[in-house]
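Engineer:
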Amino acid sequence: MTDKTADAASPATWSPETLLVHGGTLRSPFGETSEAVFLTQSFVYDTAEQAEARFKDEDPGFIYSRFSNPTVSMFEERMRLLEGAEAARATATGMAAVTAALLCFLKAGDHIVAARAMFGSCLYVAQELCPRFGIECTLVDGRDTEAWKHATRPNTRAFFFETPANPTLDLVDIAAVSKIAHANGALVVVDNVFATPLLQKPLKLGADVVVYSATKHIDGQGRCLGGVVLCSQKFLKDYLHTFLRQTGPALSPFNAWVLLKGLETLPLRVRAQCETAAKIADHLAGQKGIKRVLFCGREDYPQRALAERQMSGSGTLVTFELDGGKAEAFRFMNVLKLIRISNNLGDAKSLITHPATTTHQRLKPEARAELGISDAMLRLSVGLEAYADLAADIDRALAASRIA
Ligand SMILES: *Cc1c(COP(=O)(O)O)cnc(C)c1O
226 MTDKTADAAS
236 PATWSPETLL
246 VHGGTLRSPF
256 GETSEAVFLT
266 QSFVYDTAEQ
276 AEARFKDEDP
286 GFIYSRFSNP
296 TVSMFEERMR
306 LLEGAEAARA
316 TATGMAAVTA
326 ALLCFLKAGD
336 HIVAARAMFG
346 SCLYVAQELC
356 PRFGIECTLV
366 DGRDTEAWKH
376 ATRPNTRAFF
386 FETPANPTLD
396 LVDIAAVSKI
406 AHANGALVVV
416 DNVFATPLLQ
426 KPLKLGADVV
436 VYSATKHIDG
446 QGRCLGGVVL
456 CSQKFLKDYL
466 HTFLRQTGPA
476 LSPFNAWVLL
486 KGLETLPLRV
496 RAQCETAAKI
506 ADHLAGQKGI
516 KRVLFCGRED
526 YPQRALAERQ
536 MSGSGTLVTF
546 ELDGGKAEAF
556 RFMNVLKLIR
566 ISNNLGDAKS
576 LITHPATTTH
586 QRLKPEARAE
596 LGISDAMLRL
606 SVGLEAYADL
616 AADIDRALAA
626 SRIA
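Per the working numbering, the very first residue in the sequence shown carries number 226; after that it's consecutive.
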């Protein structure tokens with residue numbers, strides 16, 4: 226952010242830390258310090274003429290909270306500024322954002338290409354839901370840029386992937402894959418949850434649409450669900466605006482308020498969590514009983530060069546494999562005291578997941594093997610606790626996992 230001249234009066238020049246505290250704030254006539262929660266379904270008009278003008282889009286005010294709401298608008302504007310996007314729209318969950326981002330513009334007869342390594346529900350949308358409506362889907366190994374090219378057909382309209390991907394942290398080369406998509410007239414939709422809006426900027430790398438589950442780092446304190454789609458004005462106008470307005474996956478104003486407050490501390494939390502995650506990854510890597518550690522910031526990470534190229538930080542997740550199988554993984558988890566067993570991530574509390582029996586249990590064993598998800602694999606979302614306490618918790622669990 227040093228290339229811009231700071232100007233307190235111009236949000237476009239603010240650093241992320243500043244715009245996450247002030248960006249998008251709308252103050253009511255009461256002059257409240259903290260953003261207000263506008264818990265209202267609809268809005269009243271001074272005159273019939275004003276109501277008519279609002280419905281004709283000639284008066285910019287609010288109409289109905291399925292379309293827009295002041296608290297939700299503040300959250301959207303803050304996210305828009307952070308992402309550097311032309312437009313942002315909030316949704317009730319991350320999955321609502323993913324579904325809307327794809328279904329708002331795809332139609333029967335279209336084809337999409339998606340990465341095989343993906344959050345389970347995203348895979349469902351691409352692989353099961355889309356085909357039910359005549360949208361064909363080809364899954365590829367997202368790490369293999371050539372595979373995206375080979376999967377492309379004349380009717381391919383979208384590439385969809387997350388990077389880093391859950392839980393193996395596989396990366397997709399956003400710039401290279403976007404070039405392939407654009408050469409074919411397809412749009413690139415990136416689920417940027419694992420990287421957070423701070424560590425990776427898919428739009429700058431060539432992507433067209435970015436989606437988040439705000440449930441993760443953006444709330445970051447385990448309270449509410451939310452999602453957001455970031456895109457161009459044209460994508461909003463041509464597809465997304467009407468789809469959201471008419472199908473109604475709207476974010477509740479209360480949840481928007483919680484998420485706004487989450488954004489204020491996002492840089493502090495993500496920075497601290499990344500630092501602790503790096504220490505935990507190194508701590509794990511040196512230990513007896515650990516077969517493999519996957520962390521984007523480590524020298525031995527298989528896609529290290531790409532991580533350095535397209536991410537400005539290594540993320541808050543550490544995936545590792547123990548020697549052994551499910552029994553060792555379960556013993557490890559069951560001994561932990563501070564790190565809690567949960568499928569969520571990005572939280573202030575450190576959370577551990579056994580993907581093979583939870584998030585990825587729906588997959589056949591061969592499909593899991595293809596994704597590199599073994600029975601001894603664990604995904605750790607590093608929280609805000611002190612490193613020393615987490616390391617001590619891990620050491621006890623490792624000792625227990627080794628006792629047959
Ligand atoms: C959690 C998550 C989602 C879904 O978000 P919800 O808010 O739970 O609907 C989508 N993609 C990724 C990568 C996620 O981690």
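All C-beta atoms, glycine included, are put in the ideal place defined by N, C-alpha and C.
With a threshold of 7 Å, establish whether the CB of residue 421 neighbours any heavy atom of ligand 1.
Structural biologist: no
Engineer: Between which two residues does the beta strand (DSSP E) holding residue 438 run?
Structural biologist: 434-438
Engineer: Can you tell me the Cα-Cα spacing of residue 439 and residue 623, whole angstroms?
Structural biologist: 32 Å
Engineer: I'd like the span of the alpha helix (DSSP H) that includes residue 407, first residue to last.
Structural biologist: 399-408
Engineer: Using the rule of at least 16 other Cβ atoms within 10 Å of the residue's Cβ for burial, across every protein chain shown, is residue 587 buried or exposed?
Structural biologist: exposed
Engineer: Can you give the beta carbon distance from residue 319 to residue 418, rounded, assuming they're within the 8 Å contact cut?
Structural biologist: 7 Å
Engineer: DSSP puts residue 602 in a beta bridge; with which residues?
Structural biologist: 546
Engineer: Going straight from the alpha carbon of residue 596 to that of residue 341, what length do you get?
Structural biologist: Using only the alpha carbons, I get a separation of about 8 Å.
Engineer: Comparing C-alpha positions only, which one of 486, 401 and 315 sits nearest to residue 474?
Structural biologist: 315
Engineer: Under the criterion of a Cβ to heavy atom distance below 7 Å, does residue 344 qualify as lining ligand 1?
Structural biologist: Yes, the Cβ of residue 344 comes within 7 Å of a heavy atom of ligand 1.
Engineer: Going by DSSP, what residues sit across from residue 267 in a beta bridge?
Structural biologist: 289
Engineer: Taking C-alpha atoms, which residue in 460, 292 and 256 lies nearest to residue 267?
Structural biologist: Closest by alpha carbon: 292.
Engineer: Can residue 543 be considered in contact with ligand 1, in the sense that its beta carbon sits closer than 7 Å to one or more heavy atoms?
Structural biologist: no
Engineer: Name the DSSP beta bridge partners of residue 452, please?
Structural biologist: Beta-bridge pairing by DSSP links residue 452 to 316 and 438.
Engineer: Per DSSP, residue 362 forms a beta bridge with which residues?
Structural biologist: 337
Engineer: Run through DSSP, which three-state label would residue 517 get?
Structural biologist: strand
Engineer: Please go through the same chain and pick out, in chain order, the residues whose beta-carbon is closer than 8 Å to the beta-carbon of residue 247, but skip the five residues on each side of it.
Structural biologist: For residue 247, where only same-chain residues beyond five positions count, the Cβ hits under 8 Å are 236 and 239.
Engineer: Is residue 332 buried or exposed, if buried means 16 or more other CB atoms sit within 10 Å of its CB?
Structural biologist: Exposed is the call here.
Engineer: Just tell me which of 617, 488, 330 and 284 has its CA closest to the CA of residue 509.
Structural biologist: 617
Engineer: Could you pull the start and end residues of the beta strand (DSSP E) that residue 384 belongs to?
Structural biologist: Judged by DSSP secondary structure, residue 384 falls within the beta strand (DSSP E) whose first and last residues are 381-387.
Engineer: Note down the Cα distance separating residue 535 from residue 327, rounded to an integer number of angstroms.
Structural biologist: 24 Å
Engineer: Looking at the secondary structure, which residues open and close the beta strand (DSSP E) in which residue 416 lies?
Structural biologist: From DSSP, the beta strand (DSSP E) with residue 416 extends over 412-416.
Engineer: Find out if the Cβ-Cβ distance for the pair residue 571, residue 442 is shorter than 8 Å.
Structural biologist: Less than 8 Å separates the beta-carbon of residue 571 from that of residue 442.
Engineer: For the alpha helix (DSSP H) that residue 243 lies in, which residues bound it at each end?
Structural biologist: 241-247
Engineer: Under a Cβ-count criterion, where at least 16 other Cβ atoms within 10 Å of its own Cβ denotes burial, should residue 408 be classed as buried or exposed?
Structural biologist: exposed
Engineer: Does the Cβ of residue 371 have 16 or more other Cβ atoms within 10 Å, making it buried, or fewer, making it exposed?
Structural biologist: exposed
Engineer: Ends of the beta strand (DSSP E) at residue 577?
Structural biologist: 576-578
Engineer: Is there contact here, the segment 541-552 with the segment 494-505, by at least three beta-carbon pairs under 8 Å?
Structural biologist: yes
Engineer: Considering only heavy atoms of ligand 1, does any lie closer than 7 Å to the CB of residue 323?
Structural biologist: yes
Engineer: On the criterion of 16 or more Cβ atoms from any shown chain inside 10 Å, does residue 537 qualify as buried, or is it exposed?
Structural biologist: exposed
Engineer: Are there 16 or more other CB atoms within 10 angstroms of the CB of residue 458, so buried, or fewer, so exposed?
Structural biologist: exposed
Engineer: Can you tell me which of 373, 611 and 368 puts its alpha carbon nearest to the alpha carbon of residue 396?
Structural biologist: 368
Engineer: Just the C-alpha distance for residue 565 and residue 552, rounded to the nearest angstrom, thanks.
Structural biologist: 18 Å
Engineer: Assuming residue 625 and residue 557 are in contact, meaning their beta carbons sit under 8 Å apart, how far apart are those beta carbons, in whole angstroms?
Structural biologist: 7 Å
Engineer: I believe residue 455 touches residue 483 by the beta-carbon criterion, under 8 Å. Please report the beta-carbon distance rounded to the nearest angstrom.
Structural biologist: About 19 Å; that fails the 8 Å criterion.
Engineer: Where do the N-terminal and C-terminal ends of the alpha helix (DSSP H) with residue 304 fall, by residue?
Structural biologist: 295-308
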